[in-house]
Amino acid sequence: PPLNYPRVYKLCHRFPDCSFVLNGGVPGLQAAKNICFGSLAPPYNKPMTMQNKEPIGNVIHDSGSNRCSILEPSGHCQEKIIDERSTNDDHENEQHQHAVPCSLCKASNGSCTAPPLLAPDNLTGCMLGRAAMDNPSMFWDVDRYFYGESVNPCRNRKEALEKYCQYLEKIYPRRCCDRDDDIITVRIPAPAVTTIGSGGCPTCQEFYGPPSSSLSHTPSSLSLNKNGTIKAKISSKVIDRSLKPILGLFFGLPKSKKFRRECDKLSRNAAVRNCGPGYIIRKAMQCMPEDILSQDFIRTEHLDDHAMTVHVAPIMQ
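Letter by letter, the sequence shown follows residues 2 to 318 of our numbering.
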């Protein structure tokens, strides 16, 4: 069915004691912020925490007195008052103008995805699903753009992937250097196994150091099935679950498909799989040019329309 955002806003006003989270067709952080805070420019942004006073970037909103203060670069505060009658009238007019099928939003199937002018207090968030899978790099800016932090944790895809690899190597340790053949890593927490020697195996030593003498002349997996094939000790589900969030990290950039294909090829190799999902990503990164890996992310407010994925329902018949 067509998306119907105004219906969510009406439900928020009809049931003020309930909390609502909007889901469906949200293409990125700009749309998410407009939905959760309202489309009116500051000082009309409301705090996500729903407390009476809470800073959001340079804005402090006092919902008890309908006053908003803008913190200027000079350090002075400029105070403005929200006219409750005006905003209520605007809200009512907006609801009459936007409806399904919506001629204003111009969606092919009549969807209405207009954000509210002032977001209801009990609209506590929104969900990004397919858009997040298609273009996860948009979340590099969520701390600054959405939550008002001064900086973001990573500046480029190389930094983001490095931190993700470190995380994966902690929760899904390598299984290429142990002889616990009957133990399979299938979930968190990973099973405890006894590692032989130090460093990596001959396959992954370029990232984890040279193998000890006990491993230097053995296959990287150390374990074989009865038919002679290498025994996979990390399940395919663990690998797929680990790779899925980053397959679209190079959305809109050259060689993005090459990165996806490399991740897929490496994940199908049992010997490589035993080196862990962190190693697979590190190895796949080598197929990407350094200038793309180290290219700075673009701030959300500077993104072009083509950088946003759009998900709507099929065309109405």
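All C-beta atoms in this analysis are idealised placements derived from N, C-alpha and C, irrespective of residue type, glycine included. Since we're looking at a predicted model, the values are computed, not measured.
How is the beta strand (DSSP E) around residue i delimited, first residue to last?
i	result
residue 128	124 to 128
Looking at the structure shown, is residue i part of a helix, part of a strand, or coil, going by DSSP?
i	result
residue 202	coil
residue 56	Reliability of the predicted coordinates at residue 56 is poor, the pLDDT of 41 falling under 50, and the value obtained from them is presented with this limitation in mind. Residue 56 falls in the strand class under three-state DSSP.
residue 301	helix
residue 169	helix
residue 37	helix
residue 135	helix
residue 292	helix
residue 50	Annotation note: pLDDT 44 at residue 50 (below 50); position unreliable, coordinate value reported separately. If DSSP states are grouped into helix, strand and coil, residue 50 belongs with coil.
residue 18	coil
residue 244	helix
residue 30	helix
residue 252	coil
residue 164	helix
Using beta-carbon positions only, say whether residue i and residue j come within less than 8 Å of one another.
i	j	result
residue 146	residue 301	yes
residue 101	residue 228	no
residue 22	residue 130	no
residue 282	residue 165	yes
residue 251	residue 260	yes
residue 294	residue 159	yes
residue 109	residue 187	no
residue 144	residue 154	yes
residue 276	residue 204	yes
residue 234	residue 224	yes
residue 256	residue 267	no
residue 208	residue 200	no
residue 118	residue 39	yes
Give the DSSP bridge partners of residue i, in chain order.
i	result
residue 24	128
residue 114	In DSSP, residue 114 forms no bridge with anything.
residue 235	186
residue 179	196
residue 157	297
Report the residue from the options whose alpha carbon sits nearest the alpha carbon of residue i.
i	options	result
residue 194	188, 176, 202, 206	176
residue 27	135, 238, 13	135
residue 401	192, 143, 138, 182	What is shown of the chain runs 2 to 318, which leaves residue 401 out entirely.
residue 116	268, 277, 151, 99	99
residue 291	132, 157, 105, 7	157
residue 184	112, 169, 232, 212	232
residue 17	104, 123, 30, 198	123
residue 320	273, 270, 269, 248	Any answer about residue 320 is impossible in this case: the structure gives the chain only from 2 up to 318.
residue 111	199, 2, 196, 269	2
residue 286	269, 258, 202	258
residue 191	182, 114, 14, 171	171
At which residues does the alpha helix (DSSP H) containing residue i begin and terminate?
i	result
residue 278	278 to 286
residue 9	6 to 15
residue 263	257 to 268
residue 143	No alpha helix (DSSP H) holds residue 143; DSSP gives it neither H nor E.
residue 273	271 to 274
Would you verify that the beta carbon of residue i is, or is not, closer than 8 Å to some beta carbon of chain D?
i	result
residue 285	Among the protein chains of the structure shown there is no chain D, as only one such chain exists.
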